[in-house]
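Colleague: This note's numbering puts the last residue of the sequence shown at 175; the count rises by one with no breaks.
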Amino acid sequence: MKIQEACDLLKKELLNNGYEYGFDLNGKTYKPDMSKGGHDQEFFHRLLTEYRIQKPEDTRQAKIGTCHDAAVLMKSMLDEHNVPSRIWLLHNAQNNKFHTVLTFSLERKTVYLELTPQSGKPWYGKEIVFDSEQDFIDEYSQNGQEVIDVTDSISIGEAPEFLLSRMA
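Have a look at this one:
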């Protein structure tokens, strides 16, 4: 598989397929109330206390998920094609913000493709190709941001302890 084929595969599923930010818990869907200016305290409290990493097939069926769920879904799709990938937690300590992303390796390059539901980032849906995984880490480690490999710390059906344990 080539880089563009992998990107096309992921984009076909996640980019324009109606995915929304939120999560499904016990058959009920939770989404932030965006009329609150992005500060839906009830949603974020539930996210920190009740949310569990979703099964990739559940995320795909419900078309709803967090950045963690999008990364897990992308990893499962790439695993089906034997494409090596890693899931990273980006922690901006200065703003105490966290984001989970996925990179994959093909053609001796490391690729970051942002496909989190409803992402407002200018690079949303665009692949960013690095010469190496270390180049990715170096780029995102600037300005005191931590880049943490959490691939082996993610447990489907469990709380995202890889994130919760780092929150202040």
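Backbone N, C-alpha and C fix where the C-beta goes; we use that ideal spot for every residue, glycine too.
(1) Considering only their Cβ atoms, is the gap separating residue 160 from residue 140 smaller than 9 angstroms?
(2) Based on DSSP bridge pairs, tell me the residues matched to residue 152.
(3) Looking only at its chain, what residues have a beta carbon closer than 6 angstroms to the beta carbon of residue 93, apart from the 5 residues adjacent to it on each side?
(4) May I ask which residues mark the beginning and end of the beta strand (DSSP E) holding residue 106?
(5) Using a 10 Å radius around the Cβ and a threshold of 16 neighbouring Cβ atoms, would you call residue 51 buried or exposed?
(6) Alpha helix (DSSP H) containing residue 144: first to last residue?
(7) Evaluate contact between the region 45-64 and the region 79-93, counting only Cβ atoms and requiring at least three cross-stretch pairs below 8 angstroms.
(8) Could you tell me whether any Cβ in chain D is nearer than 9 angstroms to the Cβ of residue 153?
(9) Could you check whether the Cβ of residue 15 sits closer than 8 angstroms to any heavy atom belonging to the ligand COA?
(10) Leaving out the 5 sequence neighbours to the left and right, which residues in its chain are closer than 6 angstroms to residue 91 when beta-carbon positions are compared?
(11) Using the Cα positions of residue 69 and residue 31, report the straight-line distance between them to the nearest angstrom.
(12) Report the CB separation of residue 170 from residue 96 in whole angstroms; it is logged as a contact under 8 angstroms.
Modeller: Let me lay it out:
(1) Cβ atoms of residue 140 and residue 160: not closer than 9 angstroms.
(2) According to DSSP, residue pairing for residue 152 in a beta bridge involves 99.
(3) Excluding sequence neighbours, residue 93 sits near 110, 156 and 158.
(4) Annotation: the continuous beta strand (DSSP E) that includes residue 106 extends over 104-113.
(5) Taking a 10 Å sphere around the C-beta of residue 51, we find fewer than 16 other C-beta atoms and assign the residue as exposed.
(6) Note, residue 144: alpha helix (DSSP H), 140-147.
(7) They touch, by the three-pair rule.
(8) No chain D is part of this structure, which consists of one protein chain only.
(9) This structure lacks the ligand COA, and indeed carries no ligand of any kind.
(10) Counting only Cβ-Cβ distances below 6 angstroms, and skipping sequence neighbours, we find 112.
(11) If you take the alpha carbons of residue 69 and residue 31, they lie about 8 angstroms apart.
(12) About 6 angstroms; that satisfies the 8 angstroms criterion.
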